[in-house]
Amino acid sequence: MTGSERRDAASAEDRDVLDDVQSANRPEREPVPVTFGRRGFLRGATIGGLGIAATGALGYAFGASSASSASSASSATTAGAAGRATHQWAMVIDLRSCNGCKLCTTACQAAHFLHEDQTWIDVFTMRDASGKHYSMPRPCMMCEDPPCVPVCPVQANVRTADGLTLVDQSRCIGTRICMNACPYQARYFNWSKPRPAPRQPFPQEPAWPVPQVEGTVGKCITCAAMLPAGKLPECVSRCPMGVLYLGDLATDVAVNGIGTTVKLSEFLADNDAVTFKESYGTHPRVFYIPGSGQALDTDAEAG
Amino acid sequence: MPEDQEREAESPARGEGGLPEAREHLRIAAMRPVLDTPRWWWPAVIALGAVVVVGLAAWAVQLADGLGVAGYNDRAFWAVYEADLVAFIGVSYGGAVVSAILRLTNATWRAPLTRIAEATALVTLPIGMLFIVPHLGSPQRIWELVWPPYWNLSSPILWDFFAVSTYLLATAVFFYLPLIADLPVAAARMAGRAGVRARCCRLLYRAVGGEREVGASKRQLIEGSIGLVAIMVIPMAVSVHSVLSFAFASSSRAGYAETIFPVYFVVAALYSGIALVAVAVAALRRLFHLEAFIHPRHFVRLGFILVGFGAVYLYLTFTEYLVDGYSGTTDNAAWVRQVLIGRYWIPFWFYFVAAGVVPMLIVAIPRLRTAKGVVVASGLVVVAMWVKRLVIVIPPATEPLVRSPLAAGGVLEGNWGSYHFTWVPISITLAATAAIPLLLLLVFRFVPILPIAEMEELESYEQVLTEAIEVTGGTTSLSPGGHPGGRPLIPPASACAPVVLPPPGAGGGGFDLSLRADCWPPHGHGPSGSTGLPPFGSGGWGR
Ligand code: SF4
Ligand code: SF4
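Put into structure tokens, the structure is as follows:
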């Protein structure tokens, strides 16, 4: 278990958390330089694309400076320490035990006062090659390289320092191009008035967008505002089967709602965890442990 | 018509300054929409205005109740407004680029069409841009798009925004430059008039700088600028439509992630744009009696250009579908299947027939290749290309992304999202459609409908050639190469005879396009044919 050895050594020392994240959980892949990939490419493409606009150069200077300010502001709201995040949130979904009861979906909708069709964590019925049906919960993948973020014209999508992709609904103008960009169909729009919500413990902000704002995009937030308080996300704590784990790549721990605590890297490696649509280059931080779950009726109609 | 009589009564009187009668008639015709108010004008404006108002009301409802009332849902997040955006910005391409290309290639026959083409571009582009408003979920925050601290320059939407704004500026300049030389003429015609509108017109002419005659040196400057802008407008328009396509093509979604999209969008824009120009020219020609200047052969020429782009578009469509469908990867195959034989087959095959096959047949069959035929084809193309935009936008937006291909009702068959039309987007789309003729009528309340200066200049040029031909014995066909068009210059005195046009650029072996040069003067007003005038336009405008 080379991956876990590396991590054991790392956890003892006061190492750069991001280095840790790079090496953790990716025994199968070399650490990728952060500057490479979609974002780096887009930066290059942007400059080319703006050749057509005389305002390009000026705007680029503006955009670049405000991008950094926006991300630092948002990280301050979720990650405790400014600059260095102490957590790198992740999720593990153990498909072997999901029974498709959708309690996660309804718990999420109740907690965030969502309409019925706003299934931030949705449970899909899939079929494996042997013809067996299984259920597959799909929250936001909290991609490390999220395609939904760079497409927003007004920087309403932010990626926080502790690894969450969040939507600033006070800025979103509702172009829905992020819904187009997300390969996981994880984004939901507020097509009508949001469900009214009572006073919330937190003000409406990207980490706790309750109530939702009409005409803006909403999506799973991994209950970002509850995490610093040591609370599990609603879906995780409500899952009766212990399917959903909240993980932290920085501390290498994962916890589910029925009291199981595992060493994240080992759990993933031992169970051959996979990520969804790896070929899309999004590097999801939601890890699936394959399996076809409880004995389901193989003739059941897919949802 | 009393107006006609009135016009006839006063027009010769205003022909002071010893203008040749032909030019006088050009000026009268060009200023007719500005000076006269036909009986249908107010009812038409009111009716079109009412349609626009209904659209605005629908938008108000949408503002109050959210985008959901427009039939959107999470499984169909982009649909009709996005198609409208593409379609309306697309049709504006036709006007600008047709005019620019024809200017640059020195196609003299374009002259009577340019003003209308440029005006069409000028009015459709802002309408298209306005579709961003109903498209947005939170239009009250639209200012963020022009607020640099919020800009995210890696967003294709922002690229669109810059590109389209730049293009709008270019289109306005392209409309304005050829107008400068005409304004003094228009101002002179306006001079004696009383009334609020005449005063507004005069104020406007003064404001945009045209009361005095444009001198030769200034005219040269203007011409140089027009050439420059004509060159600039083409790459600009290409980039606008390419960039528009990036908003779709830069995603990972099957059916949007197509490298063919930029070209596809540019060609679609040209195709539908030329169709709209043909429709607009036909309507305005009929309404404002421009038959003396705009001839059936203008439409046939437009028809040739139209089917040229139509064929390219059909080819691109074929390529896209074949390659995506053949590859057989689940997402692509599912999408192509849904379009061809699945839930989207009706709109797709409608496009195929109405904008793929029929226009080509109309132009290919000599009996149908008439002004009327081309206008019918163009009308079909405008509508069908809008439908095709729906076929481009909606299927990928309703694609299932998290379905297992193996599950019952997997991606190939079921599980697709669906968009349901409601009265709201239909009203808004109709309002935008009605706004095109409405704005055109309003624009031509203030500016001459024909580019007077340009036509007069080309007419002088034609005149020289005409005389040269008359000297050689009045043959009705000029050998190719002797003239940019290589076609007969003068319809004979019996001007309604069929004209035989040799194919452009080909020597001999001409084929009969079965065109009829229009009788001049039209509708029996103006000087009768017996004056023996060299009929204005008979020399040049048909080419
Ligand atoms: S993840 Fe848990 S709560 Fe959600 S459907 Fe599966 S078993 Fe039910
Ligand atoms: S899953 Fe979708 S919404 Fe979530 S971060 Fe990835 S691209 Fe964005």
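So the protein lines, in turn, are chains A and B.
Residue numbering for the first sequence is 1 to 303, as defined by our numbering.
Residue numbering for the second sequence is 1001 to 1543, as defined by our numbering.
Positions of the beta carbon are idealized from the N, C-alpha and C atoms, including for glycine.
Note that the coordinates shown come from a computational prediction; the quantities given were computed from them, not determined experimentally.
Between residue 162(A) and the set 221(A), 147(A), 174(A), the nearest pair of CA atoms involves 221(A). Here residue 158(A) is not near residue 189(A), since their CB atoms are 7 Å or more apart. The shortest CA-to-CA distance from residue 181(A) to any of 1196(B), 1202(B), 1157(B) is the one to 1157(B). With a contact defined as Cβ atoms closer than 8 Å, residue 1222(B) and residue 1180(B) qualify at about 6 Å.
By the C-beta density criterion, residue 1193(B) is exposed, having fewer than 16 other C-beta atoms within 10 angstroms. In this chain, the beta strand (DSSP E) harbouring residue 126(A) covers 122-127. Contact between residue 238(A) and residue 186(A) does not hold, since their C-beta atoms are separated by about 19 Å, which reaches or exceeds 8 Å.
Within the region 1042-1073 of chain B, the residues whose Cβ lies closer than 7 Å to any Cβ of chain A are, in chain order, 1065, 1066, 1067, 1068, 1072, 1073. The Cβ atoms of residue 205(A) and residue 223(A) lie no closer than 7 Å to each other.
Residue 275(A) has its CB no nearer than 6 Å to any heavy atom of ligand 2. Counting only beta-carbon distances shorter than 6 Å to the non-hydrogen atoms of ligand 2, the qualifying residues in chain order are 140(A), 141(A), 142(A), 143(A), 146(A), 147(A), 148(A), 165(A), 182(A), 184(A), 186(A), 187(A), 219(A), 282(A). Per DSSP, the beta bridge partners of residue 90(A) are 247(A).
Residue state for residue 208(A) is assigned as strand, using DSSP reduced to three classes. Given a length threshold of 4 residues, each whole run of the alpha helix (DSSP H) inside the region 1333-1414 of chain B is given here in chain order: 1345-1351, 1358-1364, 1371-1397. Ranked by how close their Cα comes to the Cα of residue 1037(B), the residues 1166(B), 1095(B), 1195(B) have 1195(B) in first place. Collapsing the DSSP output to three states places residue 1232(B) in a helix. Apart from the 5 residues on each side of it in sequence, residue 1102(B) sits with its Cβ closer than 7 Å to the Cβ of 1110 in its chain, given in chain order.
In this structure, the CA atom of residue 114(A) is about 7 Å from the CA atom of residue 194(A). In this structure, residue 219(A) lies near residue 120(A), with their beta-carbon atoms less than 7 Å apart. Between residue 209(A) and residue 169(A), the C-beta gap is smaller than 7 Å, which places the two residues in contact. Annotation: residue 1272(B) to residue 213(A) spans about 38 Å, alpha carbon to alpha carbon.
Per the Cβ contact rule, the region 1356-1369 of chain B is not in contact with the region 1253-1266 of chain B (fewer than 3 Cβ pairs under 8 Å).
For residue 171(A), the chain B residues whose Cβ falls inside 8 Å of its Cβ are 1141, 1144, 1150, in order along the chain. Taken atom to atom, the span from the alpha-carbon of residue 1177(B) to that of residue 192(A) is near 46 Å.
Around the beta carbon of residue 1143(B), fewer than 16 other beta carbons lie within 10 angstroms, which makes this residue exposed. Where residue 159(A) is concerned, the enclosing beta strand (DSSP E) starts and stops at 157-159.
Where residue 286(A) is concerned, the enclosing beta strand (DSSP E) starts and stops at 286-289.
The way I'd put it, the region 1093-1101 of chain B does touch the region 1113-1125 of chain B; three or more beta-carbon pairs between them come closer than 8 Å.
For residue 113(A), no alpha helix (DSSP H) segment is defined, and its DSSP state is neither H nor E.
With a cutoff of 7 Å on beta-carbon distance, residue 1160(B) and residue 1034(B) are scored as not near each other.
Taking residue 1351(B) as the centre and dropping the five residues before and after it, the same chain places the C-beta of 1384, 1387, 1388, 1391 closer than 7 Å to its C-beta, in chain order. Taking a C-beta cut-off of 7 Å against chain A, none of the residues of the region 1090-1124 of chain B qualify.
Selection 91(A), 87(A), 177(A), 292(A) evaluated against residue 283(A) yields 91(A) as nearest (Cα-Cα). Taking C-beta atoms under 8 Å as the contact rule, residue 124(A) and residue 1402(B) qualify, at a distance of about 5 Å.
At least one CB atom of chain A sits nearer than 7 Å to the CB of residue 1077(B).
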